[in-house]
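Everything below concerns the one structure shown next.
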Amino acid sequence: MLHFGKAPSPIFGKRLSFMLFYSGAFSEVVLAQEKATGEMYAVKCIPKKALRGKESGIENEIAVLRKIKHENIVALEDIYESPTHLYLIMQLVSGGELFDRIVERGFYTEQDASALIKQVVDAVNYLHSLGIVHRDLKPENLLYYNPHEESKIMISDFGLSKMEGAANDIMSTACGTPGYVAPEVLAQKPYSKAVDCWSIGVIAYILLCGYPPFYDENDSKLFEQILRAEYEFDSPYWDDISDSAKDFIRNLMQKDPEKRLTCEEALRHPWIAGDTALRKNIHESVSRQMKKNFAKAKWRQAFNATAVIRHMRRLQLGSSMDSSQRRKQNPTSMPGKSQSVDVSSVHHNDCKFLPSFFMKLTRLLLTNLSYSSAVVCCVLYYVVLSNST
Numbered sequence: 001m002l003h004f005g006k007a008p009s010p011i012f013g014k015r016l017s018f019m020l021f022y023s024g025a026f027s028e029v030v031l032a033q034e035k036a037t038g039e040m041y042a043v044k045c046i047p048k049k050a051l052r053g054k055e056s057g058i059e060n061e062i063a064v065l066r067k068i069k070h071e072n073i074v075a076l077e078d079i080y081e082s083p084t085h086l087y088l089i090m091q092l093v094s095g096g097e098l099f100d101r102i103v104e105r106g107f108y109t110e111q112d113a114s115a116l117i118k119q120v121v122d123a124v125n126y127l128h129s130l131g132i133v134h135r136d137l138k139p140e141n142l143l144y145y146n147p148h149e150e151s152k153i154m155i156s157d158f159g160l161s162k163m164e165g166a167a168n169d170i171m172s173t174a175c176g177t178p179g180y181v182a183p184e185v186l187a188q189k190p191y192s193k194a195v196d197c198w199s200i201g202v203i204a205y206i207l208l209c210g211y212p213p214f215y216d217e218n219d220s221k222l223f224e225q226i227l228r229a230e231y232e233f234d235s236p237y238w239d240d241i242s243d244s245a246k247d248f249i250r251n252l253m254q255k256d257p258e259k260r261l262t263c264e265e266a267l268r269h270p271w272i273a274g275d276t277a278l279r280k281n282i283h284e285s286v287s288r289q290m291k292k293n294f295a296k297a298k299w300r301q302a303f304n305a306t307a308v309i310r311h312m313r314r315l316q317l318g319s320s321m322d323s324s325q326r327r328k329q330n331p332t333s334m335p336g337k338s339q340s341v342d343v344s345s346v347h348h349n350d351c352k353f354l355p356s357f358f359m360k361l362t363r364l365l366l367t368n369l370s371y372s373s374a375v376v377c378c379v380l381y382y383v384v385l386s387n388s389t
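Quick look at the structure:
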């Protein structure tokens with residue numbers, strides 16, 4: 001039985017929004033507003049019946065979130081508990097997802113990518129200093145704090161995170177997202193915080209070319225590529241990218257975790273700390289590849305992380321098609337299979353008096369997976385509601 005010591009108070013009840021923001025397999029997220037301050041939050045509502053047998057997982061996530069306070073990590077503001085639900089009051093981020101913003105920009109350089117990765121590495125270095133391993137770093141978990149052009153990036157989703165125990169504690173649980181998981185995880189070897197550094201390398205690779213280093217519609221073949229650390233800096237996509245950027249990625253995506261850069265070392269790399277990142281506009285090439293390889297209908301959906309465990313049992317090494325040849329034959333293939341999430345349903349208990357116009361509009365936005373537009377719509381609704389009361 002979960003006991004966090006706080007039942008929903010009258011203030012909490014008044015905070016709750018009227019709009020479902022996201023619906024996943026085990027929880028819903030609603031927008032909330034604190035009446036006294038007007039401050040808005042995201043409230044993750046988790047039915048306790050969905051947690052039966054999984055209590056240790058949510059307790060671990062909450063323990064991790066309670067330890068964290070960093071400007072580039074989505075904060076846990078409060079926790080409430082009812083007889084039927086657990087409510088996590090989270091800092092609201094409204095700037096949209098990483099790839100969206102890059103595609104929408106008219107100008108994007110290697111320096112921009114370096115600045116983004118520096119924020120991610122700094123935040124992950126902070127986590128590692130606390131003995132926390134995220135274990136599921138990927139672009140979908142990188143959100144912009146607000147819609148402003150100079151907005152900071154935020155790391156979210158600590159559902160798979162792990163707190164290390166004693167010194168040099170190692171982990172062995174198979175988890176992560178296809179395409180971003182480190183070789184040692186797939187090899188069923190004990191692993192450490194170095195798995196996060198590998199994932200950062202994969203993200204940096206995508207930010208500079210617009211396509212993933214590993215991809216195959218067949219998970220087993222995808223995992224085979226990762227196990228062998230097979231990736232290339234293909235021409236012409238990498239022709240205008242600096243050698244320093246490629247060196248940064250190579251050192252993060254070392255097959256041997258002992259040879260991989262730590263976050264501290266990554267922060268000292270010339271591509272992050274120096275002035276080696278190029279200023280040439282690469283937006284056209286990168287955004288074209290992002291649209292092709294990470295179409296909204298695909299990359300906005302939740303990856304099926306259980307594929308890592310499922311395919312671990314039947315992974316068989318075999319011949320792998322050369323990555324350059326595969327891209328020519330199937331340039332839109334994705335790393336792993338997707339699992340759809342229902343984002344068009346409405347939490348009727350919380351939305352029963354939501355004006356139909358805003359309900360329909362926001363449901364349309366969410367159905368089309370427009371994160372930032374849905375937030376704007378919900379904020380607009382609050383303004384209309386406030387002015388009408």
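Just so you know, we're using UniProt numbering here: the sequence shown kicks off at 1 and counts up by one. Glycine residues also receive a C-beta, built at the ideal position from the N, C-alpha and C atoms. Treat the numbers as computed from the prediction; the structure is a model and nothing was measured.
(message) Would residue 144 and residue 210 qualify as a contact pair, given that the criterion is a beta-carbon distance under 8 Å?
(response) no
(request) Whole angstroms is fine: what's the gap from residue 15's alpha carbon to residue 84's? (result) Only weak support exists for where residue 15 lies, its pLDDT of 49 falling under 50; the value from the coordinates is given anyway. If you take the alpha carbons of residue 15 and residue 84, they lie about 18 Å apart.
(message) Less than 8 Å between the C-beta atoms of residue 196 and residue 269, yes or no?
(response) no
(message) Spatial neighbours of residue 114 within its chain, please: C-beta separation below 8 Å, excluding the five flanking residues on both sides.
(response) 245, 271, 272, 277
(request) Please confirm whether residue 91 and residue 41 have their CB atoms less than 8 Å apart. (result) Yes, they are a contact pair.
(request) Give a yes or no on whether the C-beta atoms belonging to residue 155 and residue 205 are separated by under 8 Å. (result) no
(message) Among 44, 200, 101, whose alpha-carbon lies nearest the alpha-carbon of residue 262?
(response) 200
(message) Need the endpoints of the beta strand (DSSP E) that residue 81 sits in, please.
(response) 76-81
(request) Rounded to whole angstroms, what's the CA-CA distance from residue 107 to residue 147? Just pull it up for me. (result) 16 Å
(message) If I measure Cβ to Cβ from residue 180 and keep anything under 7 Å in the same chain, skipping five residues before and after, which residues do I get?
(response) Here the set comprises 137, 138, 199, 202.
(request) State the Cα-Cα distance for the pair residue 274 and residue 51, rounded to the nearest angstrom. (result) 47 Å
(message) If you measure between the beta carbons of residue 44 and residue 88, is that distance less than 8 Å?
(response) yes
(request) Take residue 81 as the anchor and find which of 63, 234, 47 has the nearest alpha-carbon. (result) 47
(request) Output yes or no for whether 8 Å exceeds the beta carbon distance between residue 279 and residue 37. (result) no
(request) Label residue 425 either buried or exposed according to how many other C-beta atoms from any shown protein chain fall within 10 Å of its C-beta, with 16 as the threshold for buried. (result) The structure shown does not extend to residue 425, since the chain spans only 1 to 389, so no value can be given for it.
(request) Going by CA-CA distance only, name the one from 70, 32, 86 that's closest to residue 58. (result) Out of 70, 32, 86, 86 has the C-alpha closest to the C-alpha of residue 58.
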